[in-house]
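Numbers 12 to 74, taken from my numbering, label the letters of the sequence shown in order.
Ideal Cβ placement from N, Cα and C applies to all residues, glycine included.
Comments concern the structure below.
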Amino acid sequence: MKLKTLSIVMMSVAVSGVAVADELRLLQKNENNWVSAAGNYNNQRYSKLAQINKDNVADLKMA
12 MKLKTLSIVM MSVAVSGVAV ADELRLLQKN ENNWVSAAGN YNNQRYSKLA QINKDNVADL
72 KMA
């Protein structure tokens with residue numbers, strides 16, 4: 012591969028990585044969005060959502 016072509020490909024990969032990281036940062040600002048299986052990058056696994064509480068948890072059923 013020519014050096015110029017390789018440089019263009021590497022620059023495209025770097026720019027697309029920055030765009031994805033920016034999108035994830037924006038998504039993480041909204042507490043309703045979990046950007047990873049553990050909730051956030053600190054693995055806190057905590058949600059401030061209040062739809063399920065001690066009064067209605069017994070009414071939950073298998074989806």
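Practice problem: Would you mind stating whether Asn-51 and Gln-39 have Cβ atoms separated by less than 8 Å? | Solution: Yes, Cβ-Cβ distance for Asn-51 and Gln-39 is below 8 Å.
Self-check item: Proximity below 8 Å, CB of Glu-34 to CB of Lys-59
Solution: The Cβ-Cβ distance between Glu-34 and Lys-59 does not fall below 8 Å.
Quiz item: For Glu-118, which three-state DSSP category applies?
Solution: Past the boundaries of the shown model lies residue 118; the chain is included only from 12 to 74, so the question cannot be answered.
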